[in-house]
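Student: FYI, this note's numbering numbers position 29 of the sequence shown as 29, with every residue one higher than the one before it. Take this structure first; my questions come after.
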Amino acid sequence: GVLAGKALSRPQPEYPKMARAAGVDGEVVVEVIVSETGAIESARVISGHPLLRDNALAAAKNWVFEPTILDGVPVKVVGTITFNFRKG
């Protein structure tokens, strides 16, 4: 989405060993609030398998974005990051 295009740093989550052993894969969607400086101010999982959520949330908290400028002023923005966990 719009946020991903402005990401300066996009650490990816490690595939949890327990999820891999259980054959679990899929998407985890994390809602983030990006501060005026481009840092993640807060993050919460809004969907995804419970065995994948913690790793996705930890990765999302380390993303860094270009600040969003509105009328010449940096502003907070809310968006989502989707992580895809695939076996293989």
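We put the beta carbon where it would ideally sit given N, CA and C, even for glycine.
Can you give the Cα-Cα distance for residue 21 and residue 37, rounded to whole angstroms?
Tutor: 39 Å
Student: Nearest-angstrom Cα distance between residue 86 and residue 25?
Tutor: 5 Å
Student: Among all the DSSP beta bridges, which residues are the ones paired with residue 31?
Tutor: 44, 80
Student: Give the secondary structure of residue 26 by DSSP, where H, G and I count as helix, E and B as strand, and everything else as coil.
Tutor: strand
Student: If residue 31 and residue 10 are in contact, beta carbons under 8 Å, what's the gap, nearest whole angstrom?
Tutor: Between residue 10 and residue 31 the Cβ distance is about 16 Å, and since that is not below 8 Å, they are no contact.
Student: Using DSSP bridges, identify the partner residues of residue 70.
Tutor: 73
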